[in-house]
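Take a look at the structure below.
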Amino acid sequence: MSAVEKPSNSGFALQGIRVLDFTWIHAGPSATRILADQGAEVIKVESNNALAVVGGPSSATARGLGQRHNWNAGKRSISLDMKTPQGVAIAKRLVAVSDVVAENFSGRVMTGWGMDYESIRRVKPDLVMLSMSGFGRTGPWKDRVSYGQTLQAWSGFTELTGFPNTDPCGPASAYSDAVGGMAGAQAVLLALIHRARTGQGQWIDLSQFEVLSSLLDTLVLDLSANGADSHNQRTGNRPPHASVAPHGAYRCQGDDRWVAISVLTENEWESLTGAMGHPPWAQDERFATASGRSHHSEELDALLETWTMEHSAEGVMHLLQDAGIPAGVVQTGADLAENDPHLKERGFFRQILDGQGISRTIEGAPYKLSRTPGGPSRGAPEFGADQTYVLREILGMSDEELADCAIAGVFE
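Here the numbering used here runs 797 ahead of the position in the sequence shown, where the first position is 1.
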């Protein structure tokens, strides 16, 4: 293979696209994982001299290793210390033969390496560069530091999450990183389409704060349409602006087993009472209308739960779904990965070998493309596993160059 030739993955939408991946933690690696799933050759640049974080080369915890295997599936890995001049020089040589550079550091990191967009576009004028950060590269908060939980609080998600008259609790996971990764991959695809039409590269300045804000219609639309401040409108499992009931999660048989039930129409209410065998309490005049059920929702929830607790969560779900009522088991991670028949039939979770030949369960793509189905082509690489391929085959580095770099600690 020549120094500029890129591998072809027939049947993948992004075959022939090469991505130089400097991302870390969650948002960035999940964005480049989406690109790898569609056949892009993603070269992950890592260093043992960098901070060990979840998903990084030194993540020793079970959780960290699991996330690393998931987010880095299908990628290649090289070790490159970007604090050395030789490391930066090698990175720029890789830029010259890549289509995309992705990073999610603070703005000063890439600039300090001489790897900011204005610098590397001189190396590859049609390059697409994705820069993901908490707040973007402009604005008064551009230098603020953040993680998923702080961004969720800043954007209003934490304020809205919880039960009425309780403290805000926020989503349990780094939701901002997950949606930020999806937005990052989408932006890269848009930039690649533009490049295919015009031959021009461009810089993507992605703000995860703005990604979250774009999803939070409740606060903004209520203010703009009604002049109402949605402060402290935590509603638990109920829709914030709809008078419907029952609508919530209800305890079932078993240890911490629950089912979610949503009744929005009179037909659904009648179907629910029929599925329960028309219990006497369902005929109470307090529950005769939608407004009555909403007004007396706490009493209704308590009565409904006396019925759900007599059954398994799966049994309630199937019974109500067969009656046309939206209902679903409140599933755990084990439920999803091991027991969900729908995910199994669609092949969402994949068994794939990691760099040590150990079978790992990872997520597949949540969409099915009829001509370019994609999905992970291999497991996550071991740290630095592709050093020879990248440096010798792609860059054509000589034995002497490699030896000099090794002595200088470039590959640590």
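From the three backbone atoms N, C-alpha and C, an ideal C-beta is built for every residue, glycine too. In this text, all values refer to a predicted model and were calculated from it rather than measured experimentally.
- Message: So for L817, helix, strand or coil by DSSP?
- Response: Walking along the sequence shown from the start, residue 817 turns up at place 20. In the structure shown, L817 sits in a strand (DSSP, three-state: E or B).
- Query: What residues in its chain sit with their C-beta under 6 angstroms from that of S973, if we drop five residues either side in the sequence?
  - Reply: Reading the sequence shown from its first residue, position 176 is the one you call residue 973. Cβ neighbours of S973 within its own chain (closer than 6 angstroms, five residues either side excluded): G945, L948, Q949, Q1005, L1009.
- Message: Short of 7 angstroms in beta carbon distance, which residues of its chain neighbour C1202, apart from the five on each side in sequence? Order them along the chain.
- Response: Working through the sequence shown from its first residue, we reach residue 1202 at position 405. The answer, listed in chain order, is Q883, F1208.
- Of all the options P1076, E1198, V1187, H991, which has the alpha carbon lying nearest to the alpha carbon of V842? On the sequence shown, position 45 is the one that residue 842 refers to. The shortest Cα separation from V842 among P1076, E1198, V1187, H991 belongs to V1187.
- Query: Fully enclosed by the stretch 1069-1130, which beta strand (DSSP E) runs are 3 residues long or longer?
  - Reply: Qualifying beta strand (DSSP E) stretches, in chain order: 1124-1126.
- First and last residue of the uninterrupted alpha helix (DSSP H) at H1139: Locating residue 1139 in the sequence shown gives position 342, counting from the first residue. According to the DSSP assignment, H1139 belongs to the alpha helix (DSSP H) that extends over 1138-1143.
- Task: For S1068, I'd like the list of residues in its chain whose CB is within less than 6 angstroms of its CB, leaving aside the five on either flank, ordered along the chain.
- Result: For the purposes of this step, residue 1068 is identified with residue 271 of the sequence shown, where counting begins at 1. Taken in chain order, the residues that qualify are A1120, G1121, I1122.
- Message: For a test of the three-state rule: what should DSSP assign to Q946, helix, strand or coil?
- Response: As a position in the sequence shown, residue 946 is number 149, starting the count at 1. It is helical.
- Bridge partner(s) assigned by DSSP for L1003: Within the sequence shown, numbered from 1, the residue matching residue 1003 stands at position 206. Answer is M929, bridged to L1003.
- Kindly indicate which three-state DSSP category A859 falls into: helix, strand or coil? Counting from 1 along the sequence shown, the entry for residue 859 is found at position 62. The predicted model places A859 with a pLDDT of 43, which falls under 50 and marks its position as unreliable; any figure quoted below should be read in that light. Three-state DSSP puts A859 in a helix.
- Task: Identify which residue in G959, M1114, N1023, E1063 has its Cα closest to the Cα of N1034.
- Result: Residue numbering aside, residue 1034 sits at position 237 when the sequence shown is read from its first letter. In this structure, G959 is the residue among G959, M1114, N1023, E1063 with its C-alpha nearest to the C-alpha of N1034.
- Task: Quick one: grab the DSSP three-state call for I887.
- Result: The residue you call residue 887 lines up with position 90 of the sequence shown. I887 falls in the helix class under three-state DSSP.
- Proximity below 8 angstroms, CB of R918 to CB of L927: For the purposes of this step, residue 918 is taken as residue 121 along the sequence shown, with counting starting at 1. For the purposes of this step, residue 927 is taken as residue 130 along the sequence shown, with counting starting at 1. No, Cβ-Cβ distance for R918 and L927 is not below 8 angstroms.
- Item | Bridge partners - Y1047, DSSP secondary structure assignment | Your numbering for residue 1047 matches position 250 in the sequence shown. Looking at the DSSP assignment, Y1047 forms a beta bridge with V1056.
- Task: Take the Cβ of L1117 as the centre, count every other Cβ of all protein chains shown within 10 Å, and call the residue buried at 16 or more, exposed below.
- Result: By one-based count along the sequence shown, residue 1117 stands at place 320. Buried, since its Cβ has 16 or more Cβ neighbours within 10 Å.
- Query: Grouping DSSP H, G and I as helix and E and B as strand, with all else coil, what is L1009?
  - Reply: The residue you call residue 1009 lines up with position 212 of the sequence shown. In this structure, L1009 counts as helix in the three-state DSSP scheme.
- Task: Would you kindly work out how many angstroms separate the C-alpha atoms of I1159 and T955, rounded to a whole number?
- Result: On the sequence shown, residue 1159 is found 362 positions in, with the first residue counted as 1. On the sequence shown, residue 955 is found 158 positions in, with the first residue counted as 1. If you draw a straight line from the Cα of I1159 to the Cα of T955, it is about 28 angstroms long.
- Item | Nearest neighbour of Q1184, chosen from R1175, S1195, A1042 [CA to CA] | Position 387 of the sequence shown, counted from the first residue, corresponds to residue 1184. For Q1184, the closest alpha carbon among the candidates R1175, S1195, A1042 is that of S1195.
- Message: Give me, in chain order, the residues of the same chain whose beta-carbon lies closer than 7 angstroms to that of C1049; leave out the 5 immediate sequence neighbours on both sides.
- Response: Position 252 of the sequence shown holds residue 1049. Shown here for C1049: same chain residues with a beta carbon closer than 7 angstroms to its own, the five before and five after excluded, namely W1055, V1056, T1105, M1106, H1108, S1109, A1110, V1113 in chain order.
- Nearest candidate by alpha-carbon position, reference G904, set P1077, A1205, Y914, G1172: Start at 1 with the first residue of the sequence shown, and residue 904 comes out as number 107. Among P1077, A1205, Y914, G1172, the Cα nearest to that of G904 is on Y914.
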